[in-house]
Amino acid sequence: MNESEAVTALRAAGCVFAEDEAAMLIRAAPDDHVLAAMVRRRAQGEPLEQVVGFADFAGVRVRLRPGVFVPRVRSELLVREAVRRTADRAVIVDLCCGSGALGLAVRRHRPAATLHATDIDPVAVACARDNLGEAGDVFQGHLFDPLPRGLEVDVLLANVPYVATGHIPFLPAEARDHEPRTALDGGDDGLEVFRAVVAEAPLWLAPGGVLLSEITEAQAGDAAAALRDTGFKSEVTTDDDLEATVIIGVR
Ligand SMILES: C[S@@+](CC[C@H](N)C(=O)[O-])C[C@H]1O[C@@H](n2cnc3c(N)ncnc32)[C@H](O)[C@@H]1O
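Those letters in the sequence shown? Residues 70 to 320, per my numbering, in order.
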């Protein structure tokens, strides 16, 4: 398959940036045979990052594999807010880490920080281990359960699933069909996993420690109430360009 055939196939499948995507696929494919298979996967709607096997996010390149949540550009706000609050030798936990992109992106600015990451999905855990390497430990299990006992966490990154169950059918097909439901579904109002994190966070956070989560603008009031009811001070920050909202709780 040559470049113009790849562009034609991608355009026919509705890819808006067919030329750019074809160029990326050509760079990633070792030969024509693999290229044709990659173009087919992309034309069937698989996220480009899963097809090429990596994503560039907030200054780091993470490896990806099918079935692992693709880090979103909007999560750069969460990284930015986290970096501002992370001391050089902080203990960072990346809860619900997926590929591990967020923790890695924060640690890029604080290389002496200690990083632990957890995820419930073994495919995500394997992917995050690939990405973190020596930079941090990755544990598999529900929320805080697999973390080493006695950890005093300074910065808790928790980009948990926050899509309300009823909104899942309206997500782009790329997410709906190619990312696991456990990576997306946050229950009735989208905040069920967030509330579970908030409830347990005081047991893990050092005094003055912070929790940062991405939410929707509409969830801000309820998310702030959950933090307040658990004794946190809370702050909401948004970035219109990134269409991102982050809630920050300070213990
Ligand atoms: C929205 S994705 C975010 C992934 C990553 N933090 C990122 O921003 O790229 C949510 C992740 O939470 C994980 N997850 C869902 N429920 C979990 C739970 N109860 N305990 C641990 N991880 C969970 C999913 O497997 C998925 O990788």
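Virtual Cβ for every residue (Gly too), placed ideally from N, Cα, C.
Asked	Found
Where does E221 land, buried or exposed, given buried means 16+ other C-beta within 10 angstroms?	exposed
Let me check you understand the geometry: is the CB of D206 closer than 7 Å to at least one non-hydrogen atom of ligand 1?	no
Under the three-state reduction of DSSP, which class applies to V137: helix, strand or coil?	coil
Grab the span of the beta strand (DSSP E) containing T306 for me, first residue to last.	302 to 308
Using the Cα positions of G259 and I316, report the straight-line distance between them to the nearest angstrom.	14 Å
Using 8 Å as the threshold, is the region 149 to 160 in touch with the region 113 to 123, meaning 3 or more CB pairs across them?	no
Which two residues bound the contiguous alpha helix (DSSP H) that contains T155?	That residue, T155, is in no alpha helix (DSSP H); it is neither H nor E in DSSP.
Under a three-way DSSP split, which group does A227 fall into?	strand
Could you give the distance in angstroms between the alpha-carbon of L94 and the alpha-carbon of V108?	7 Å
Please identify the residue among S303, D125, F126, L274 whose C-alpha is closest to the C-alpha of G219.	L274
What runs of the beta strand (DSSP E), each 3 residues or longer, lie entirely inside the region 167 to 200?	183 to 188
On a Cα-Cα basis, can you pick out the residue from P271, G277, R264 that is closest to G290?	R264
Following the continuous alpha helix (DSSP H) through Q119, name the residue where it begins and the one where it ends.	117 to 121
Going by DSSP, name the residue or residues bridged to L274.	V222
Terminal residues of the continuous beta strand (DSSP E) containing D298?	No beta strand (DSSP E) holds D298; the alpha helix (DSSP H) holding it covers 289 to 298.
Report the rounded CA-to-CA distance for D126 versus D298, giving the unit in angstroms.	Reading off the sequence, residue 126 comes out as Phe, not Asp. Rounded to whole angstroms, F126 to D298 spans 34 Å at the Cα level.
May I ask you to report which of helix, strand or coil DSSP gives A98?	coil
Confirm the yes/no value for this check: CB of I189, any heavy atom of ligand 1, distance under 7 Å.	yes
Check whether the Cβ of A193 lies closer than 7 Å to any heavy atom of ligand 1, and answer yes or no.	yes
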